[in-house]
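Protein chains: 2
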Amino acid sequence: MTDNGTQRRGRPGYDQVGILRVAVAAFNQYGYDATSMGVLADRLGLSKSAIYHHFGSKDEILERALDTALGALEGVLDEPESTRGRAADRLDHVLRGAVHVLVEQLPYVTLLLRVRGNTEVERRALTRRRAFDKRVTALVSEAQAEGSLRSDIDVRVVERLLFGMINSIVEWYRPGGAEDADRLADDVIAVALDGLRMPTSNRVEELLG
Amino acid sequence: MTDNGTQRRGRPGYDQVGILRVAVAAFNQYGYDATSMGVLADRLGLSKSAIYHHFGSKDEILERALDTALGALEGVLDEPESTRGRAADRLDHVLRGAVHVLVEQLPYVTLLLRVRGNTEVERRALTRRRAFDKRVTALVSEAQAEGSLRSDIDVRVVERLLFGMINSIVEWYRPGGAEDADRLADDVIAVALDGLRMPTSNRVEELLG
Numbered sequence: 007m008t009d010n011g012t013q014r015r016g017r018p019g020y021d022q023v024g025i026l027r028v029a030v031a032a033f034n035q036y037g038y039d040a041t042s043m044g045v046l047a048d049r050l051g052l053s054k055s056a057i058y059h060h061f062g063s064k065d066e067i068l069e070r071a072l073d074t075a076l077g078a079l080e081g082v083l084d085e086p087e088s089t090r091g092r093a094a095d096r097l098d099h100v101l102r103g104a105v106h107v108l109v110e111q112l113p114y115v116t117l118l119l120r121v122r123g124n125t126e127v128e129r130r131a132l133t134r135r136r137a138f139d140k141r142v143t144a145l146v147s148e149a150q151a152e153g154s155l156r157s158d159i160d161v162r163v164v165e166r167l168l169f170g171m172i173n174s175i176v177e178w179y180r181p182g183g184a185e186d187a188d189r190l191a192d193d194v195i196a197v198a199l200d201g202l203r204m205p206t207s208n209r210v211e212e213l214l215g
Numbered sequence: 007m008t009d010n011g012t013q014r015r016g017r018p019g020y021d022q023v024g025i026l027r028v029a030v031a032a033f034n035q036y037g038y039d040a041t042s043m044g045v046l047a048d049r050l051g052l053s054k055s056a057i058y059h060h061f062g063s064k065d066e067i068l069e070r071a072l073d074t075a076l077g078a079l080e081g082v083l084d085e086p087e088s089t090r091g092r093a094a095d096r097l098d099h100v101l102r103g104a105v106h107v108l109v110e111q112l113p114y115v116t117l118l119l120r121v122r123g124n125t126e127v128e129r130r131a132l133t134r135r136r137a138f139d140k141r142v143t144a145l146v147s148e149a150q151a152e153g154s155l156r157s158d159i160d161v162r163v164v165e166r167l168l169f170g171m172i173n174s175i176v177e178w179y180r181p182g183g184a185e186d187a188d189r190l191a192d193d194v195i196a197v198a199l200d201g202l203r204m205p206t207s208n209r210v211e212e213l214l215g
């Protein structure tokens with residue numbers, strides 16, 4: 007009998023968000039398909055019916071988890087700083103915001119990035135991801151048109167490289183490490199928008215041929 | 007009876023490289039664990055013993071596949087252009103070379119990037135990946151020390167963001183698309199080393215406050 011199992015019925019020790027958090031960790035560790043409701047119940051120290059009290063199915067848990075990640079990312083695009091002002095500044099804000107979402111919702115975004123479209127829930131998530139990518143691509147386009155971003159690279163390639171860099175954070179970022187989200191966002195902006203090369207040394211090289 | 011099955015014994019229609027190619031495609035599609043030697047034999051139209059003629063085990067196929075990707079990446083670091091001259095130019099060469107390896111060995115690198123260390127073969131591959139990352143990190147360090155790369159970002163973060171961007175190519179690159187490897191390498195260098203922001207507009211903004 008676990009601590010949770012000894013609690014009274016109707017107060018199973020986990021609310022919906024608590025179950026979601028444990029489920030997402032299990033999905034990331036074992037894979038969604040390999041994680042049965044029985045495995046989840048074991049990990050939570052709950053009966054399966056206690057889980058079903060909160061979620062109609064495993065698919066519903068996945069949908070909620072993916073919605074958490076997608077909702078947070080879409081939220082960044084809807085912030086005032088993402089919709090007003092110069093496109094380059096809006097892009098700056100969106101990239102920083104995305105880094106924050108990745109760091110703050112790390113397990114949820116990790117799960118989202120592994121989705122391959124095997125189920126209806128996964129396919130809906132991929133559709134939302136593509137819509138997000140399209141909105142960012144449109145922003146890159148605007149920034150090129152206003153003359154603040156170089157326009158010699160295809161906007162879709164730019165968007166993919168930017169989010170390749172940002173999404174890779176889930177592979178190596180560990181909370182409590184040397185870099186917090188603000189610092190990491192600064193680093194991403196520094197690499198992506200300003201580049202690693204020292205501008206002066208670069209300019210001198212060019213002048214000297 | 008397939009075409010291959012009708013061929014004479016000892017000439018099973020696939021050499022080692024041919025078997026490897028089909029196996030890697032299957033591993034990427036279904037996952038390594040989910041792909042049995044029986045599934046591979048079906049896909050190849052060969053008997054299992056015909057596969058065992060070339061490879062001692064499924065693990066050995068995986069090892070060969072991962073070695074193909076890792077050997078190609080390590081090869082880039084050993085090229086003369088990666089070992090002589092200014093560190094910034096060597097880094098430029100290594101990043102371009104890595105993009106070429108990804109594009110040219112796409113299925114092999116895709117497999118490598120999914121390795122999580124579940125078996126001894128996978129752990130050895132991860133050790134080699136880490137050694138590769140360390141050599142690139144050392145190169146970033148040298149380029150910072152010689153003053154050609156900005157030094158306000160931790161070298162390990164730089165290396166991870168650079169390869170986050172490069173490795174993301176396996177997620178979206180399709181051979182025969184609009185961009186070839188040379189063009190894609192140019193784009194990666196443009197974003198990573200020079201940045202997306204237009205230097206002049208940037209400078210004018212700064213001057214105007």
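Protein chains in written order, with this note's numbering: chain Z, 7 to 215; chain L, 7 to 215.
Note that the Cβ used here is the ideal one computed from N, Cα and C, for glycine as well.
In this text, all values refer to a predicted model and were calculated from it rather than measured experimentally.
Within chain Z, the residues placing a beta-carbon under 7 Å from that of V163(L) are E185, D193, ordered along the chain. Annotated three-state conformation of L83(Z) is helix, per DSSP. Residues of chain Z whose Cβ lies closer than 7 Å to the Cβ of R166(L) are, in chain order, S174, W178. By the criterion of a C-beta distance shorter than 7 Å, V82(Z) is surrounded in its chain by S88, V100, G103, A104, V107, once the five residues flanking it on both sides are discounted. Take the alpha-carbon of M204(L) and the one of R166(Z): they are about 19 Å apart. Just measuring C-alpha positions, the residue of A131(Z), L119(Z), V115(Z), A32(Z) sitting nearest E177(L) is L119(Z). When V197(L), A149(L), F33(L) are compared, the shortest CA-CA separation from I67(L) is found for F33(L).
For M171(Z), the neighbours in chain L by C-beta distance under 7 Å run, in chain order, L167, G170, M171. Assigned with DSSP and collapsed to three states, R27(Z) falls in helix. Burial is judged here by how many other beta carbons sit within 10 angstroms of a residue's own beta carbon; S55(Z) has fewer than 16 and is exposed.
Using a CB distance cut-off of 8 Å, A196(L) counts as an interface residue toward chain Z.
Just so you know, the alpha carbons of D73(L) and I195(L) end up roughly 26 Å apart. By the C-beta density criterion, Y36(Z) is exposed, having fewer than 16 other C-beta atoms within 10 angstroms.
Looking at L132(L), S154(L), A71(L), the one whose alpha-carbon comes closest to that of P113(L) is A71(L). A149(L) is positioned such that its CB atom lies closer than 8 Å to that of A93(L). Excluding the 5 residues flanking it on each side, A191(L) has same chain C-beta neighbours closer than 6 Å at R102, V105, in chain order.
Rounded to whole angstroms, the Cβ separation of D65(L) and V127(L) is 5 Å, and the two are in contact under 8 Å. Chain-order list of chain L residues neighbouring G123(Z): empty, with the shortest C-beta distance near 13 Å, by a criterion of under 9 Å. By the neighbour-count criterion, in which a residue is buried when 16 or more other Cβ atoms sit within 10 angstroms of its Cβ, Q22(L) is exposed. Comparing alpha-carbon positions, the option among G44(L), A187(L), V121(L), K140(L) lying closest to L97(L) turns out to be K140(L). At a C-beta separation below 7 Å, A144(L) has no neighbours in chain Z, since its nearest C-beta there lies roughly 15 Å away.
Among the residues facing chain Z, G103(L) is not included, as its CB has no counterpart in that chain under 8 Å away. Here L155(L) carries a strand assignment [DSSP, helix/strand/coil].
With respect to chain L, the C-beta atom of G19(Z) has no partner C-beta closer than 8 Å. The bridge partners DSSP lists for R203(Z) are L155(L). Judged by DSSP in its simplified three-state form, R90(Z) adopts coil rather than helix or strand.
Among the residues facing chain Z, D160(L) is included, as its CB has a counterpart in that chain under 8 Å away. Only residues of its own chain outside the window of five on either side were considered, and among them V161, V164, E165 have a CB closer than 6 Å to the CB of V146(L), listed in chain order.
In the DSSP annotation of this structure, R122(Z) is not part of any alpha helix (DSSP H), being labelled neither H nor E. DSSP, read as helix, strand or coil, puts Q111(L) in coil.
Residue-level contact check: A94(L) touches chain Z, since one or more beta carbons of chain Z fall below 8 Å from its beta carbon.
Here F33(L) carries a helix assignment [DSSP, helix/strand/coil]. Between V115(Z) and A187(Z), the beta carbon gap of about 12 Å keeps them out of contact (Cβ cut-off 8 Å).
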